[in-house]
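Asker:
Residue numbers (my numbering): 1462 to 1963.
Listed below in structure tokens is the structure:
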């Protein structure tokens, strides 16, 4: 018990703060410190205080800030990051004054959110606190209410010990390493308590009703359907009952209890072992459809009425048809790992296929550049122009429900014409010298069509593959597709031998 960190409450405030946040407040002469009877005395020149001022460089990723709590990302670091995010926004827009903060259900999210809010307010910037929400509601709040930016406290599909921050600017534009996280990292490492006359305010805003009205615009004419939903103890367990209330949809819930320890399975539906319960429940209940969400509910995986998992690129090809009926000749964005069926279906529907690098920052930028109404990634992220160019697991969920309602056919029969190729799925390989290995692979296929948009993509008439580097780990990621299962397996075996050096 002696090593356990104490929790306190500032006078008149309803939430607890840690020792680190308490000391941080004293460092900026927080007004309530003068009347507090239980404040923590600041320590000077001790090993503990030195360690508390150290910021782990590794938490600043390509698309977000993320690390293990509290060893890599603790409350004091979160407070510094909050200050740095607010200063970054002010550097880009001196009139920046309102930042949205949302958080998921992870056990550390409340504490980190409170510390983050402290840091933002220390710069004189107001915080619009929207509470416990899925990630897409943070993006929605920034776009819909025209705020200056937003931060979502979440580690998405990562295991329970992780947490972090997803950041967006005005109009829900994503902040990646190149467009701001690198600068935020520098400001955090050079942290100095801001000197201001007035702290920012914390304003509570319940955005659920406006959000429901917004997402319901994307789908109409729903008929009675039986749907199994696996929330994985994540945010879908809160949002699905709310948005489906009053609709002719029977939801069969799996793991709707919010629990950041993820007691049933990881909230990562891309791993086959995490969707087994969904598949079994679909078959058991004779449901029309199954869907599994990740922890912050911004991506999802579908299963047909027989419990078979559907590739996310197949969903992209299917939903693209709806948008192209509404907007003939429009561009549709897809990531380069997707099946050949995606560009083929886009062209057949009169659209322009736009192949893009992997990653939400690239996808969102491409949607804006091409004015594309829709885009999809193999990872289960689906993007919508009329959703502030952001991804939404809830909108794609409703679009599939609408499609089933209109076609009045089993999901498997609707999808059958799109399953004309055989894909391997993504395979990861641990490789130390990633660039050297990519060069070796290129030399093995001298007569192929090769491009370098993201890693290397090698094409032949009857099969193709992509190998690309992980942004965060010593991994190469392989995707192979062939016209037949035999062709695909042969290609995958060849590439596996090359990558593993056999």
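By construction, the Cβ of each residue, glycine as well, lies at the ideal position given by its N, Cα and C atoms. Treat the numbers as computed from the prediction; the structure is a model and nothing was measured.
Report the option in 1842, 1851 and 1570 whose CA atom is closest to the CA atom of residue 1477.
Answerer: The residue given as residue 1477 occupies position 16 in the chain shown. Selected option, being the one with the closest Cα: 1570.
Asker: Go ahead and pull the three-state DSSP assignment for residue 1796.
Answerer: Here residue 1796 corresponds to residue number 335 of the chain shown, with the count starting at 1. Strand, per DSSP.
Asker: Decide yes or no for the touch test of the stretch 1526 to 1546 against the stretch 1619 to 1634: beta carbon pairs closer than 8 Å, at least 3 of them.
Answerer: With a cut-off of 8 Å, the stretch 1619 to 1634 and the stretch 1526 to 1546 count as touching, because enough Cβ pairs lie within range.
Asker: Measuring only the C-alpha atoms, how far is residue 1530 from residue 1730?
Answerer: Counting from one through the chain shown, the residue named residue 1530 turns up at place 69. Counting from one through the chain shown, the residue named residue 1730 turns up at place 269. Looking at the two C-alpha atoms, the distance is approximately 23 Å.
Asker: Can you tell me the Cα-Cα spacing of residue 1723 and residue 1811, whole angstroms?
Answerer: Here residue 1723 refers to the residue found at position 262 when the chain shown is read from its first residue. Here residue 1811 refers to the residue found at position 350 when the chain shown is read from its first residue. Distance between the alpha carbons of residue 1723 and residue 1811 is about 44 Å.
Asker: Thinking just about the alpha-carbon of each residue, which of 1657, 1687, 1640 and 1795 is nearest to the one in residue 1914?
Answerer: As a first step, residue 1914 must be located in the chain shown, where it is residue number 453. Nearest option by C-alpha distance: 1795.
Asker: Counting only the same chain and skipping the five closest in sequence on each side, list residues whose C-beta sits under 7 Å from that of residue 1694.
Answerer: As a position in the chain shown, residue 1694 is number 233, starting the count at 1. Closer than 7 Å at the Cβ level, and outside the excluded window around residue 1694, lie 1716, 1718, 1719, 1720, 1723, 1724, 1725 and 1728.
Asker: Determine, using beta carbons only, whether residue 1586 and residue 1563 come nearer to each other than 9 Å.
Answerer: Position 125 of the chain shown, counting from 1, holds the residue named residue 1586. Position 102 of the chain shown, counting from 1, holds the residue named residue 1563. No, Cβ-Cβ distance for residue 1586 and residue 1563 is not below 9 Å.
Asker: What distance in whole Å lies between the Cβ atoms of residue 1889 and residue 1938, which are believed to be in contact at a cut-off of 8 Å?
Answerer: In the chain shown, counting from the first residue as 1, residue 1938 sits at position 477. In the chain shown, counting from the first residue as 1, residue 1889 sits at position 428. Right, the Cβ-Cβ distance comes to about 6 Å (below 8 Å), so this counts as a contact.
Asker: Less than 9 Å between the C-beta atoms of residue 1481 and residue 1576, yes or no?
Answerer: In the chain shown, counting from the first residue as 1, residue 1481 sits at position 20. In the chain shown, counting from the first residue as 1, residue 1576 sits at position 115. The answer is yes: Cβ separation under 9 Å.
Asker: Count the other CB atoms within 10 Å of the CB of residue 1559; is the residue buried (16 or more) or exposed (fewer)?
Answerer: Here residue 1559 is taken as the residue at index 98 of the chain shown, counted from 1. Residue 1559 comes out buried.
Asker: Closest to residue 1859 by CA distance: which of 1750, 1822, 1544 and 1793 is it?
Answerer: Walking along the chain shown from the start, residue 1859 turns up at place 398. When only C-alpha atoms are compared, the closest one is 1750.
Asker: If we count the other Cβ atoms within 10 Å of its Cβ and call it buried at 16 or more, is residue 1748 buried or exposed?
Answerer: Counted from its first residue, the chain shown places residue 1748 at position 287. Under this definition residue 1748 is a buried residue.
Asker: According to the neighbour-count rule (16 or more other Cβ atoms, all chains shown, within 10 Å of its Cβ), is residue 1566 buried or exposed?
Answerer: In the chain shown, residue 1566 corresponds to position 105, counting from 1. Per the 10 Å Cβ criterion, buried.
Asker: Please report the distance separating the alpha-carbon of residue 1780 from that of residue 1655.
Answerer: Looking up residue 1780 in the chain shown gives position 319. Looking up residue 1655 in the chain shown gives position 194. Each residue's alpha carbon lies about 48 Å from the other.
Asker: When the Cβ atoms of the stretch 1869 to 1885 are set against those of the stretch 1944 to 1961, are three or more pairs found closer than 8 Å?
Answerer: The answer is yes - the stretch 1944 to 1961 touches the stretch 1869 to 1885, with three or more Cβ pairs under 8 Å.
Asker: If you follow the alpha helix (DSSP H) that residue 1741 is part of, which residue opens it and which one closes it?
Answerer: For the purposes of this step, residue 1741 is identified with residue 280 of the chain shown, where counting begins at 1. Looking at the DSSP string, the run of the alpha helix (DSSP H) that includes residue 1741 is 1737 to 1746.
Asker: Would residue 1849 be called buried (16 or more neighbouring beta carbons within 10 Å of its own) or exposed?
Answerer: Here residue 1849 refers to the residue found at position 388 of the chain shown. Buried, because 16 or more other Cβ atoms sit within 10 Å of the Cβ of residue 1849.
Asker: Three-state secondary structure (DSSP) at residue 1479?
Answerer: By 1-based counting over the chain shown, the position of residue 1479 is 18. Of the three classes helix, strand and coil, the one that applies to residue 1479 here is strand, per DSSP.
Asker: Measure the C-alpha to C-alpha separation of residue 1498 and residue 1483 and round it to an integer number of angstroms.
Answerer: Locating residue 1498 in the chain shown gives position 37, counting from the first residue. Locating residue 1483 in the chain shown gives position 22, counting from the first residue. Bear in mind that a pLDDT of 48 at residue 1498, under 50, signals an unreliable position, so the number given afterwards is only what the model happens to contain. In a straight line, the C-alpha of residue 1498 is about 12 Å away from that of residue 1483.
Asker: Just how far apart, CA to CA, sit residue 1648 and residue 1834?
Answerer: Taking the first residue of the chain shown as position 1, residue 1648 is located at position 187. Taking the first residue of the chain shown as position 1, residue 1834 is located at position 373. Using only the alpha carbons, I get a separation of about 36 Å.
Asker: Rounded to whole angstroms, what's the CA-CA distance from residue 1934 to residue 1609? Just pull it up for me.
Answerer: Taking the first residue of the chain shown as 1, we reach residue 1934 at position 473. Taking the first residue of the chain shown as 1, we reach residue 1609 at position 148. So the two alpha carbons sit approximately 32 Å from each other.
Asker: Would residue 1591 and residue 1602 be called neighbours here (beta carbons separated by less than 9 Å)?
Answerer: Within the chain shown, numbered from 1, the residue matching residue 1591 stands at position 130. Within the chain shown, numbered from 1, the residue matching residue 1602 stands at position 141. Yes, these two residues count as a Cβ contact at 9 Å.
Asker: Could you check whether the stretch 1765 to 1775 touches the stretch 1784 to 1804, counting it as contact only if at least three pairs of C-beta atoms, one from each stretch, sit closer than 8 Å?
Answerer: A contact exists between the stretch 1765 to 1775 and the stretch 1784 to 1804.
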